[in-house]
Every structure is written in C-alpha cells, then in structure tokens.
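Novice:
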Amino acid sequence: MIEQYIQKKQNQINDQFEKEFSNLDLPSHLHEALVYSIQAGGKRLRPILMMASFEAFSKDLNKVIHPALALEMIHTYSLIHDDLPAMDDDDFRRGQETIHKKFDEATAILVGDGLLTYSFQFVVNSNALEAEEKIYTIQQLSQSSGFKGMISGQFLDLQAENKEMNEQELHHIHLLKTGELIRASIKIGAYLGGAAPPQIEALDEFGKYLGLVFQIQDDILDVSGEMELIGKPVGSDEENNKSTYPELLGLDQAISIKEEYMEYAKEKYDEANIDEPILLGLLNIFGNRNA
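Residue numbers for the sequence shown follow my numbering, so the first one is -16 and each next one is one higher.
1) To the nearest angstrom, how far is it from the Cα of residue 72 to the Cα of residue 256?
2) Quick one: Cα of residue 210 to Cα of residue 78, how far?
3) Among residues of its own chain, excluding the 5 on either side of residue 106, which ones have a beta-carbon nearer than 8 Å to its beta-carbon?
4) Specify the secondary structure class of residue 210 as computed by DSSP and reduced to three states.
5) Rounded to the nearest angstrom, what separates residue 244 and residue 202 at their Cα positions?
6) For residue -15, collect the residues of the same chain with a Cβ closer than 6 Å to its Cβ; drop the 5 residues on either side in sequence, then sort them by chain order.
7) For residue 66, which residues of its own chain have a beta-carbon under 6 Å away from its beta-carbon, when the five flanking residues on both sides are left out?
8) May I have a chain-ordered list of the beta strand (DSSP E) segments no shorter than 3 residues that lie completely inside the stretch 17 to 61?
9) Can you tell me the Cα-Cα spacing of residue 20 and residue 12, whole angstroms?
10) What's the gap between the Cα of residue 32 and the Cα of residue 9?
11) Using 8 Å as the threshold, is the C-beta distance between residue 183 and residue 170 below it?
12) Measuring CA to CA, which of 36, -6 and 18 is closest to residue 178?
13) For the stretch 136 to 213, list the alpha helix (DSSP H) runs that are entirely contained and at least 4 residues long, ordered along the chain.
14) For residue 247, which residues from the same chain have a beta carbon less than 6 Å from its beta carbon, with the 5 sequence-adjacent residues on both sides left out?
15) Helix, strand or coil for residue 259 per DSSP?
16) Bridge partners of residue 76, per DSSP?
17) Measuring alpha carbon to alpha carbon, tell me which residue in 45, 166 and 110 is nearest residue 132.
18) State yes or no: is the C-beta of residue 173 within less than 8 Å of the C-beta of residue 251?
19) In the DSSP assignment, find the unbroken alpha helix (DSSP H) run with residue 95 in it and report its ends.
20) Flag this pair as yes or no: are the beta carbons of residue 16 and residue 86 separated by less than 8 Å?
21) What number of angstroms, rounded off, separates the C-alpha of residue 42 from the C-alpha of residue 152?
22) Between the beta-carbon of residue 160 and the beta-carbon of residue 187, is there less than 8 Å?
23) Whose CA, out of 273, 134 and 233, lies closest to the CA of residue 200?
24) Given that a residue counts as buried once 16 or more other Cβ atoms are within 10 Å of its Cβ, and exposed if not, what is residue 55?
25) Only counting the same chain, and skipping five residues up and downstream in sequence, which positions put a Cβ closer than 8 Å to that of residue 157?
26) Please state whether the Cβ-Cβ distance between residue 27 and residue 164 is less than 8 Å.
27) DSSP on residue 111, reduced to helix/strand/coil?
28) So what does DSSP say about residue 245, is it helix, strand or coil?
29) Does the beta-carbon of residue 233 have 16 or more other beta-carbons within 10 angstroms, so that it is buried, or is it exposed?
30) What residues in its chain sit with their C-beta under 7 Å from that of residue 34, if we drop five residues either side in the sequence?
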C-alpha cells in the first residue's frame, strides 16, 4: 500500500514538474541544467510527506501541489550547493554526476539560486491558496531553509569537519540541516488541510523525530549501503571528515537511537489524533530505507 502511494505521488510530482518546466523561457544551457537537476531521480519524499499530511485532513490536492513542488525545489537547490567544491565536493548525487561536474560551478550556483527564488513564486502564483495560506507557507519554507534552519545546519556541519563532536552537538546539526525542512513539510500540509493547532503542534514534533530518523539512517547507509542504491559513493562522510552517528557512537548504537526516535515519532503521531496510516508508513520507509 505505502509503496503504491509513494509511486503515485512521485508520478504526480514528476508530471507537474515537467508541465511547469518543459517550456520555461530560459537560455538553453541554463534550462538544460535546470531540467537535469529536477529530473535527477529524487525520491520526492519531502513533498510526499507534505501531501500525506495534507490528506490526513483534506483530499483536494490542488491546494497543496504547488507548495509541495516549491519544497522539492528548495531541497534540490540545497543539494546542488551542498555538492559544490566549496562545501562537500561530491561528484555524484542520486546516481548521476552532480550539476557542477555535469556542467560547471557557475551554472550549478545559478540553478540553485534560481530554484530557491522560483519556489516562492510557485506559492505566490497558486490560485488554490488564500492570501493567509500563502503567507504561512512562505514563512515556514523560508524559516526552515534559512538562517534559523538549513543554512545554520550546513554552516555548523562544515565547521565541525576534522573536529571531535559530542552527541548533543551532532543532534543539533541534524535538527537544523535535515530536520527543519522535513518539519516544515508536515506543518504546511497539516495547516493547508485544515488541522487544528494542537494537531499541527503534535505533527510538528512527529516531523522533528522523523527528520532525525531520516538523517541517522542516512549516516548508517553511508557506512553500510551500496553506491548503486544510495546514489553516491559509500564512505563520503568519512572522506570529508564529517561526524556521524555511526562514527561517534558505533553502528549498533546508531541503529538503537534511530529506533528510539521512531518510537517517539509514533507517540507524537498518536497525540495528533488522526487516522492516516500513510504517515506512519512513511516513518517506517524513512527509518528502514536502503537508498
């Protein structure tokens, strides 16, 4: 059931991206790089989370499709910049060459910048959203991807290279770099779907633990996964001297902490008092994925 749901949503998102970007009037080289980045085989888990959270309260997906696309554009921009030589200097992402390797660094920077700014235009131009819904969506997206979220997380991650960290410091980085955008996806979906404030608060906590589960599993896959599945070289975190849960605590303890956070997430889901098994299914996918 959950696999079919994910496939259906992936198809909807990919079809909508093709519709939005296929005839975009841009310089040909820039347009080629943009399409390459969007069609790079992403799992679309963040927009799917937003859609699942929305569908726990409403079924009119017209309202959430553009915010979901905007979220994926912000995520893709972050990956493009994260892969640059000045940051993680990765040559492969999602099983293919990164943008700066396929094209060049300047093009990669500009595509990333364009995706970030165009994402907000997607929200503003949506005819399905009321003004206050647009404001809430933009506020959540900008905060989670900005200085109070992903940007600070990436900065702290870079600063921590070649340094010893404790679990609390690593936890904080993961909350900011990965967790904030995942939390925003769930909060926006619930808000647009008509959730009550206590339900949004509980789902926000659900999203916090879900983000930690996702990142710890990412750390685990970096030492135990396969390049063909995870889409990048195994051991890239160690090569970049990054602190991870397996490196800090050992693989078995990292798995144990991940499972503990999964239980915390389930408790927060129960507090939201909703009947949406897809969200719990996605939690299990996040925590047990092999790619």
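Beta carbons: idealized from backbone N, C-alpha and C, even for Gly. This one's a predicted model, so the numbers in the text were calculated from it and none came from an experiment.
Specialist: In short:
1) Cα to Cα, the separation comes out at about 44 Å.
2) Legend: pLDDT at residue 210 = 48, less than 50; position of this residue unreliable, value from coordinates given subsequently. So the alpha carbons of these two residues sit roughly 8 Å apart.
3) In its chain, beyond the 5 residues on either side, 49, 50, 53, 112, 117, 120, 121 and 124 have a beta carbon closer than 8 Å to the beta carbon of residue 106.
4) Since pLDDT at residue 210 reaches only 48, below the 50 mark, its modelled position is unreliable, and the value read off the structure follows with that caveat. Correct three-state label for residue 210: helix.
5) Rounded to whole angstroms, residue 244 and residue 202 show a C-alpha spacing of 15 Å.
6) Same-chain partners within the cutoff: 264.
7) Result list for residue 66: 73, 76 and 81, in chain order.
8) With a minimum length of 3 residues, there is no unbroken run of beta strand (DSSP E) contained wholly in the stretch 17 to 61.
9) Take the alpha-carbon of residue 20 and the one of residue 12: they are about 12 Å apart.
10) Straight-line spacing of the CA atoms in residue 32 and residue 9 works out to 31 Å.
11) A contact, by the Cβ cut-off of 8 Å.
12) Checked all of 36, -6 and 18; the closest Cα to residue 178 is 36.
13) The qualifying runs are 150 to 157, 163 to 176, 180 to 207 and 210 to 213.
14) Result list for residue 247: 192, in chain order.
15) It is coil, neither helix nor strand.
16) Answer is 79, bridged to residue 76.
17) With distances taken between Cα atoms, residue 132 lies closest to 166.
18) Contact flag unset, no.
19) That run of the alpha helix (DSSP H) goes 88 to 107.
20) For residue 16 and residue 86, yes; Cβs fall inside 8 Å.
21) Straight-line Cα distance between these residues: approximately 40 Å.
22) Not in contact: residue 160 and residue 187 (Cβ atoms no closer than 8 Å).
23) Minimum Cα distance to residue 200 is reached at 273.
24) When all chains shown are included, residue 55 counts as buried.
25) Around residue 157, the same chain offers 136, 194, 195, 198 and 199 as residues with beta carbons nearer than 8 Å, after the five sequence neighbours per side are excluded.
26) For residue 27 and residue 164, no; Cβs fall outside 8 Å.
27) It is coil, neither helix nor strand.
28) Of the three classes helix, strand and coil, the one that applies to residue 245 here is helix, per DSSP.
29) Residue 233 should be labelled exposed.
30) Annotation for residue 34: -8, 44, 47, 51 and 172 place their beta carbon closer than 7 Å to its own, counting only its chain and skipping 5 residues before and after.
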